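Undergrad: Quick note on numbering: full-length UniProt numbering labels position 236 of the sequence shown as 236, and the sequence is numbered without any gaps. Just passing along the structure, written as structure tokens.
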Amino acid sequence: MCIFNIPVLLGKPYSSSSSIAFHNSVPAGSYTRHYIGTSQNRVVKENIRVVTSMGKLRFAVSCSSNMNRSMEAHSFLQKRGFSVESFGSGSQVKLPGPTPDRPNCYDFGVATYDFIYNDLKQKDPQLYTQNGLLNMLDRNRRIKDMPQKFQHFSGKFDVIICLEERVYDQIVEDLQTRDTNEGDSVHVINIDIQDNHEEATIGALFVCDLCAKLEACEDLDNEIDEVLTEFEQNNSRRNILHTICFY
Numbered sequence: 001m002c003i004f005n006i007p008v009l010l011g012k013p014y015s016s017s018s019s020i021a022f023h024n025s026v027p028a029g030s031y032t033r034h035y036i037g038t039s040q041n042r043v044v045k046e047n048i049r050v051v052t053s054m055g056k057l058r059f060a061v062s063c064s065s066n067m068n069r070s071m072e073a074h075s076f077l078q079k080r081g082f083s084v085e086s087f088g089s090g091s092q093v094k095l096p097g098p099t100p101d102r103p104n105c106y107d108f109g110v111a112t113y114d115f116i117y118n119d120l121k122q123k124d125p126q127l128y129t130q131n132g133l134l135n136m137l138d139r140n141r142r143i144k145d146m147p148q149k150f151q152h153f154s155g156k157f158d159v160i161i162c163l164e165e166r167v168y169d170q171i172v173e174d175l176q177t178r179d180t181n182e183g184d185s186v187h188v189i190n191i192d193i194q195d196n197h198e199e200a201t202i203g204a205l206f207v208c209d210l211c212a213k214l215e216a217c218e219d220l221d222n223e224i225d226e227v228l229t230e231f232e233q234n235n236s237r238r239n240i241l242h243t244i245c246f247y
């Protein structure tokens with residue numbers, strides 16, 4: 001096992017050149033990352049253990065717009081060999097605009113990441129380069145074609161990881177109201193991750209760690225509570241929630 005010390009300053013403005021700096025090349029396999037960050041004038045220390053996938057489980061990750069948090073987790077998981085899809089659960093894809101009361105809104109299933117990228121670049125290239133949206137969209141369009149809404153997807157997963165409690169509530173409600181009775185179970189988990197570029201990267205490492213622990217279970221249904229209890233003890237500020245739904 002290789003250990004790396006990675007300093008991370010939370011809350012810094014995002015840019016393509018000043019995200020989290022990895023000071024060593026990281027080998028495939030199992031390793032631990034330590035980070036130290038500042039949050040609300042206090043020092044935060046957390047350990048993140050990341051393991052590559054064994055390919056046993058089907059994962060989904062969801063935020064509200066399938067733009068930042070879920071796509072960062074999608075990217076991390078995909079690179080480590082996990083079977084993963086990503087989604088949004090909100091009514092529309094929403095991105096910050098020139099003012100808080102003027103967001104950029106797009107319809108799920110219509111606007112591609114490439115379309116949104118070019119739309120924002122045409123509207124104000126300086127603003128959307130400075131706030132990191134163009135860099136984020138460029139990353140997204142290299143992963144898949146367009147944002148997907150969870151409520152429009154009919155496929156099945158073993159584990160769905162939601163990245164804020166409101167998303168968790170929306171996905172649980174959707175699963176509980178679907179007109180199906182096949183009886184296949186799905187574990188729905190919430191991990192709170194703030195919606196900014198820096199926290200999305202840190203949160204993606206937590207998601208990878210959790211997914212690896214879940215894949216290591218011989219009997220997921222019987223072992224998941226123990227895994228989540230241990231995970232919550234080590235990450236108490238992440239608001240871990242869990243329920244079982246059925247397809």
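Idealized CB from N, CA, C, for every residue including glycine. For clarity, every value in this text was computed on a predicted model and none was experimentally measured.
Closest by CA to SER91, which one among PHE150, ASN235 and SER185?
TA: PHE150
Undergrad: DSSP has ILE160 in a bridge; who is on the other side?
TA: ALA60 and VAL188
Undergrad: Please look up how many angstroms separate the CB atoms of GLY183 and PHE246, rounded, as I've assumed it's under 8 angstroms.
TA: Right, their Cβ atoms sit about 6 angstroms apart.
Undergrad: Report the rounded CA-to-CA distance for TYR241 versus VAL172, giving the unit in angstroms.
TA: It is worth fixing the name first, because residue 241 is Leu in this sequence and not Tyr. When rounded, the distance between both Cα atoms is 11 angstroms.
Undergrad: Can you tell me where the alpha helix (DSSP H) holding TYR247 begins and where it ends?
TA: From DSSP, TYR247 is part of no alpha helix (DSSP H); its letter is neither H nor E.
Undergrad: Going by the DSSP bridge assignment, what does LYS94 pair with across the sheet?
TA: CYS105
Undergrad: Does the segment 192-211 touch the segment 67-85, meaning 3 or more C-beta pairs lie closer than 8 angstroms?
TA: Pairwise C-beta distances place the segment 67-85 in contact with the segment 192-211, as three or more of them are shorter than 8 angstroms.
Undergrad: Distance check for GLU215 and LYS56, CA to CA, integer angstroms please.
TA: 6 angstroms
Undergrad: Can you list, in chain order, the residues of its chain whose CB lies under 6 angstroms from that of ASN140, leaving out five sequence neighbours each side?
TA: MET71 and TYR113
Undergrad: Do the segment 110-124 and the segment 142-158 touch if we need at least three Cβ pairs shorter than 8 angstroms?
TA: Because the criterion of three Cβ pairs below 8 angstroms is met, the segment 110-124 and the segment 142-158 touch.
Undergrad: If you check the beta carbons only, do residue 264 and ARG238 fall under 8 angstroms apart?
TA: The first residue shown for the chain is 1 and the last is 247, placing residue 264 beyond what the model contains.
Undergrad: Which first and last residues belong to the alpha helix (DSSP H) in which PHE115 is found?
TA: 113-123
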